[in-house]
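A.B. asks:
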Amino acid sequence: MNRYVLTLRCPDQPGIVRAFADGVVNVKGNIVDNQQFTDPDTGTFCLRAEFESPETSAEVVRRSVDDALAGFDPVIGLRDADHRRRVLVMVSKFDHCLVDLLYRHRTGELPVDIPVIVSNHLDLAPIAAQAGIEFVHLPVAKDTKAQAEADLLALVEHHRIDVVVLARYMQVLSDDLCGKLSGRVINIHHSFLPGFKGAKPYHQAHARGVKLIGATAHYVTADLDEGPIIEQDVHRVSHAYTADQLVALGRDVERTVLSRAVRRHAEDRVLLVGARTVVFA
Numbered sequence: 047m048n049r050y051v052l053t054l055r056c057p058d059q060p061g062i063v064r065a066f067a068d069g070v071v072n073v074k075g076n077i078v079d080n081q082q083f084t085d086p087d088t089g090t091f092c093l094r095a096e097f098e099s100p101e102t103s104a105e106v107v108r109r110s111v112d113d114a115l116a117g118f119d120p121v122i123g124l125r126d127a128d129h130r131r132r133v134l135v136m137v138s139k140f141d142h143c144l145v146d147l148l149y150r151h152r153t154g155e156l157p158v159d160i161p162v163i164v165s166n167h168l169d170l171a172p173i174a175a176q177a178g179i180e181f182v183h184l185p186v187a188k189d190t191k192a193q194a195e196a197d198l199l200a201l202v203e204h205h206r207i208d209v210v211v212l213a214r215y216m217q218v219l220s221d222d223l224c225g226k227l228s229g230r231v232i233n234i235h236h237s238f239l240p241g242f243k244g245a246k247p248y249h250q251a252h253a254r255g256v257k258l259i260g261a262t263a264h265y266v267t268a269d270l271d272e273g274p275i276i277e278q279d280v281h282r283v284s285h286a287y288t289a290d291q292l293v294a295l296g297r298d299v300e301r302t303v304l305s306r307a308v309r310r311h312a313e314d315r316v317l318l319v320g321a322r323t324v325v326f327a
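This note's numbering puts the sequence shown at residues 47 to 327.
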């Protein structure tokens, strides 16, 4: 039996689940996992399902599901469960998120392929070499930014990249690039934004006596750090924490939140509904 993963968004109305089930039955399929949600604000129906079928062609399965759901104006995603998402990781000089992603990738905890790492600095090239992954240096300056982004898009096409992960990449992507990769770029940042922008946010937070620190993983849009949120986490702290302790704790939160977000995206558990996300467990 072959296992398939399906995602579905459409206006909520009677008969959607039955039609989907008919499409699965038509390829002699059996649904083994199903989660659904209707967003009350937009009336959008969201579904994620896994099913098994003796049919070996994903195209045949897709046609069956498409035909069954044709009357519901659906947005459908379907993939063979054995097909792993291909990830391009972008970094600058901070290594904690990259190292965590590579560790989880090596142990099989993160079900993705990472064919290339891109950076605007050379500092983390040895980490890529140790992991046996291609490292591409794309320096960015005001007069080279457009060419660097064109080179990045070429790498995305060449390596058949599904999602770009900004693992503490410290450059702002242009509006044009955000549009071309809409829904395909995941970023991580500390949850102090926009309260503590700029350099040394943890030191700013320490100076203000914060009681919670955390991190947010989100899809990148042209609105800086305001894209749809995928995953968040926080830790309670007290006046006794030093700025350096906040930095260390912040690193831990950032890498765990980012890895969760990448995994959920890779497993097709995140559905975009306007400026929000539906994230199935």
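We put the CB at the ideal spot given by N, CA and C, even for glycine.
At which residues does the beta strand (DSSP E) containing Phe181 begin and terminate?
C.D. replies: Here residue 181 refers to the residue found at position 135 of the sequence shown. Where Phe181 is concerned, the enclosing beta strand (DSSP E) stretches over Glu180 to His183.
A.B. asks: Flag this pair as yes or no: are the beta carbons of Phe97 and Cys56 separated by less than 7 Å?
C.D. replies: Here residue 97 refers to the residue found at position 51 when the sequence shown is read from its first residue. Here residue 56 refers to the residue found at position 10 when the sequence shown is read from its first residue. It is not a contact, given that the beta carbons lie outside the stated cut-off.
A.B. asks: Is it buried or exposed, Ala41, if we count other Cβ atoms within 10 angstroms and call 16 or more buried?
C.D. replies: Residue 41 is absent from the structure shown; the chain starts at 47 and stops at 327.
A.B. asks: Smallest Cα separation from Leu184: which of Gln176, Val211, Arg132 and Asp197?
C.D. replies: Reading the sequence shown from its first residue, position 138 is the one you call residue 184. Checked all of Gln176, Val211, Arg132 and Asp197; the closest Cα to Leu184 is Asp197.
A.B. asks: How many Å lie between Val293 and Val73 at the Cα?
C.D. replies: Reading the sequence shown from its first residue, position 247 is the one you call residue 293. Reading the sequence shown from its first residue, position 27 is the one you call residue 73. In a straight line, the C-alpha of Val293 is about 53 Å away from that of Val73.
A.B. asks: Cα separation between Ile276 and Pro172?
C.D. replies: As a position in the sequence shown, residue 276 is number 230, starting the count at 1. As a position in the sequence shown, residue 172 is number 126, starting the count at 1. Going by the C-alpha atoms only, they are around 30 Å apart.
A.B. asks: To the nearest whole angstrom, what separates the beta carbons of Ala312 and Val78, a pair I think is in contact under 8 Å?
C.D. replies: Residue mapping note: residue 312 aligns to position 266 of the sequence shown, counting from 1. Residue mapping note: residue 78 aligns to position 32 of the sequence shown, counting from 1. With 8 Å as the limit, Ala312 and Val78 do not qualify as a contact, their Cβ atoms being about 19 Å apart.
A.B. asks: Less than 7 Å between the beta carbons of Thr262 and His235, yes or no?
C.D. replies: Working through the sequence shown from its first residue, we reach residue 262 at position 216. Working through the sequence shown from its first residue, we reach residue 235 at position 189. Cβ distance < 7 Å, so Thr262 and His235 count as in contact.
A.B. asks: Check whether the Cβ atoms of Pro161 and His205 sit closer than 7 Å, and answer yes or no.
C.D. replies: In the sequence shown, counting from the first residue as 1, residue 161 sits at position 115. In the sequence shown, counting from the first residue as 1, residue 205 sits at position 159. For Pro161 and His205, yes; Cβs fall inside 7 Å.
A.B. asks: Apply the 10 Å Cβ neighbour rule to Thr288 and answer buried if 16 or more other Cβ atoms are within range, or exposed otherwise.
C.D. replies: On the sequence shown, residue 288 is found 242 positions in, with the first residue counted as 1. Counting Cβ neighbours within 10 Å, Thr288 comes out exposed, since fewer than 16 surround it.
A.B. asks: Using the beta-carbon count (16 or more within 10 Å), is Gly255 buried or exposed?
C.D. replies: Reading the sequence shown from its first residue, position 209 is the one you call residue 255. Answer is exposed; the Cβ neighbour count stays below 16.
A.B. asks: Under the assumption that Thr53 contacts Arg94 (Cβ atoms under 8 Å), give the Cβ distance between them as a whole number of angstroms.
C.D. replies: Here residue 53 refers to the residue found at position 7 when the sequence shown is read from its first residue. Here residue 94 refers to the residue found at position 48 when the sequence shown is read from its first residue. Right, their Cβ atoms sit about 5 Å apart.
A.B. asks: Under three-state DSSP, which class holds Arg301?
C.D. replies: Here residue 301 is taken as the residue at index 255 of the sequence shown, counted from 1. Looking at Arg301 - three-state DSSP - the assignment turns out to be helix.
A.B. asks: Scan the region 128-208 and note each continuous beta strand (DSSP E) run of 3 residues or more that stays entirely inside, going in chain order.
C.D. replies: 131-137, 158-165 and 180-183
A.B. asks: Considering Cα atoms alone, identify which of Gly75, Met216, Ala174 and Ala175 is closest to Val186.
C.D. replies: On the sequence shown, residue 186 is found 140 positions in, with the first residue counted as 1. For the residues Gly75, Met216, Ala174 and Ala175, the minimum Cα distance to Val186 belongs to Met216.
A.B. asks: Where do the ends of the alpha helix (DSSP H) carrying Arg214 lie?
C.D. replies: Translated into positions along the sequence shown, residue 214 becomes position 168. Taken as a continuous stretch (DSSP letters only), Arg214 belongs to no alpha helix (DSSP H), as it is neither H nor E.
A.B. asks: Starting from Arg108 and walking both ways along the alpha helix (DSSP H), at which residues does that stretch end?
C.D. replies: Start at 1 with the first residue of the sequence shown, and residue 108 comes out as number 62. In this chain, the alpha helix (DSSP H) harbouring Arg108 covers Ala104 to Leu115.
A.B. asks: Kindly identify the DSSP beta-bridge partner or partners of Tyr50.
C.D. replies: Counting from one through the sequence shown, the residue named residue 50 turns up at place 4. The partner list for Tyr50 (beta bridge, DSSP) reads Phe97 and Asp126.
A.B. asks: Let me make sure I understand the geometry here. Which of Leu199, Asp68, Gly260 and Gly225 has the alpha-carbon closest to that of Arg282?
C.D. replies: Within the sequence shown, the letter at position 236 stands for residue 282. Checking every option, the nearest Cα to that of Arg282 belongs to Gly260.
A.B. asks: So for Ala261, helix, strand or coil by DSSP?
C.D. replies: Residue mapping note: residue 261 aligns to position 215 of the sequence shown, counting from 1. If DSSP states are grouped into helix, strand and coil, Ala261 belongs with the strands.
A.B. asks: Answer yes or no: do Leu227 and Pro274 have a C-beta to C-beta separation smaller than 7 Å?
C.D. replies: For the purposes of this step, residue 227 is taken as residue 181 along the sequence shown, with counting starting at 1. For the purposes of this step, residue 274 is taken as residue 228 along the sequence shown, with counting starting at 1. No. Outside cutoff.
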